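Each residue of the sequence shown is one higher than the last, beginning at 4 in the numbering used here.
Written below as structure tokens is the structure these notes are about.
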Amino acid sequence: RRPSPPAPRKRPPHALPKHLSYRKVCSRCGRTRGQHGELGFGINCPFRDCARCGAGERAHVAAGVPVGFGCRLTVEQGAVP
Numbered sequence: 004r005r006p007s008p009p010a011p012r013k014r015p016p017h018a019l020p021k022h023l024s025y026r027k028v029c030s031r032c033g034r035t036r037g038q039h040g041e042l043g044f045g046i047n048c049p050f051r052d053c054a055r056c057g058a059g060e061r062a063h064v065a066a067g068v069p070v071g072f073g074c075r076l077t078v079e080q081g082a083v084p
């Protein structure tokens with residue numbers, strides 16, 4: 004018998020699509036490098052709110068949702084409409 008082919012690997016929900024990288028999108032807030040301007044980027048990011056939903060870090064921690072590109076926060080959970 005032939006072994007069955009391996010199952011396709013699923014991307015984690017917080018992983019970026021292939022055409023994006025963390026060189027273009029901030030891993031902390033989800034904004035692009037151009038939106039940061041001369042400010043810090045990545046670990047040194049000065050923004051404390053999410054670029055996708057507008058909520059702060061505390062709302063994301065309370066809901067257990069990552070800040071930035073992988074954000075899935077709803078309005079009921081604290082996202083800014």
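Note that beta-carbon positions come from the ideal geometry of N, C-alpha and C, so glycine has one too.
Remember, it's a predicted structure, so these values are computed and weren't measured experimentally.
- In the DSSP assignment, Thr35 forms a beta bridge with Val28.
- Remark: C-beta atoms of Val70 and Cys32 approach each other more closely than 8 angstroms.
- Burial is judged here by how many other beta carbons sit within 10 angstroms of a residue's own beta carbon; Ala62 has at least 16 and is buried.
- At least 8 angstroms separates the beta-carbon of Pro49 from that of Gly57.
- With contacts defined by Cβ atoms closer than 8 angstroms, Arg51 and Gly45 do not form a contacting pair.
- Here DSSP, grouped into helix, strand and coil, assigns Gly59 to strand.
- In this structure Ala54 touches Arg34 by the C-beta definition: roughly 4 angstroms separates them, less than 8 angstroms.
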